[in-house]
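At position 21 of the sequence shown (counting the first as 1) the number is 132 in this note's numbering, and the numbers step up by one without a gap.
Report on one structure; see the data block that follows.
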Amino acid sequence: MNFDFTVTFSVILGISAVVAPVITTKIKSQAEYNLKKLELENAENQRQTQRIIEIFDAYVIAAGRCSAYSSPENIAAFGAASAKAELYAPAEILPKMQQFSTMLTDPEYCEGTVELLSEITKGLRTVVKI
112 MNFDFTVTFS VILGISAVVA PVITTKIKSQ AEYNLKKLEL ENAENQRQTQ RIIEIFDAYV
172 IAAGRCSAYS SPENIAAFGA ASAKAELYAP AEILPKMQQF STMLTDPEYC EGTVELLSEI
232 TKGLRTVVKI
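Structure (structure tokens):
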């Protein structure tokens, strides 16, 4: 009877000596995988946010230049920047952006472009949470 207990105990110890490291390695590798996945998602979110910031920055610069001096080059640069910015702008800012575009192309409505650009900029800041 004593011999059976010793053999059983030895077999259980042998199996646990093999299984425990496998389980520990599996748990550790799963935790490392989840951490790396979160790091990659965070890096992608940062890249996307940086891209949106660059697009909005180009829009504001082009809009400022165009409102200061409406040359054909400035209007062309504003048109390109505006098209990109409107893809990412929130819906409540789009009408103001379109109104701003109208104001720049029509000399009759040129008054108030700076104030409207300021409102647009404040709205765009909420998207990138600056």
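Each residue gets a CB set at the ideal place from its N, CA and C atoms; glycine is no exception.
- Put simply, the backbone Cα of LEU151 is about 10 angstroms away from that of ARG158.
- Secondary structure at TYR144: helix, using DSSP grouped into helix, strand and coil.
- Across the set THR119, PHE116, ALA174, THR136, the C-alpha of ALA174 shows the shortest separation from the C-alpha of PHE189.
- Contact between LEU228 and SER178 holds: CB atoms are separated by about 6 angstroms, below the 8 angstroms threshold.
- For GLU184, the enclosing alpha helix (DSSP H) covers residues 183–199.
- GLU230 sits close to LYS207, with the two beta carbons spaced by under 8 angstroms.
- Around the CB of THR136, fewer than 16 other CB atoms lie within 10 Å, so the residue is classed as exposed.
- Around the beta carbon of ALA128, fewer than 16 other beta carbons sit within 10 angstroms, so the residue counts as exposed.
- Around the C-beta of LEU235, 16 or more other C-beta atoms lie within 10 Å, and the residue is accordingly described as buried.
- Burial of THR224 is indicated by the presence of at least 16 other C-beta atoms within 10 angstroms of its C-beta.
- Taking ILE186 as reference, the option from THR216, VAL171, GLU165 with the minimal CA-CA separation is THR216.
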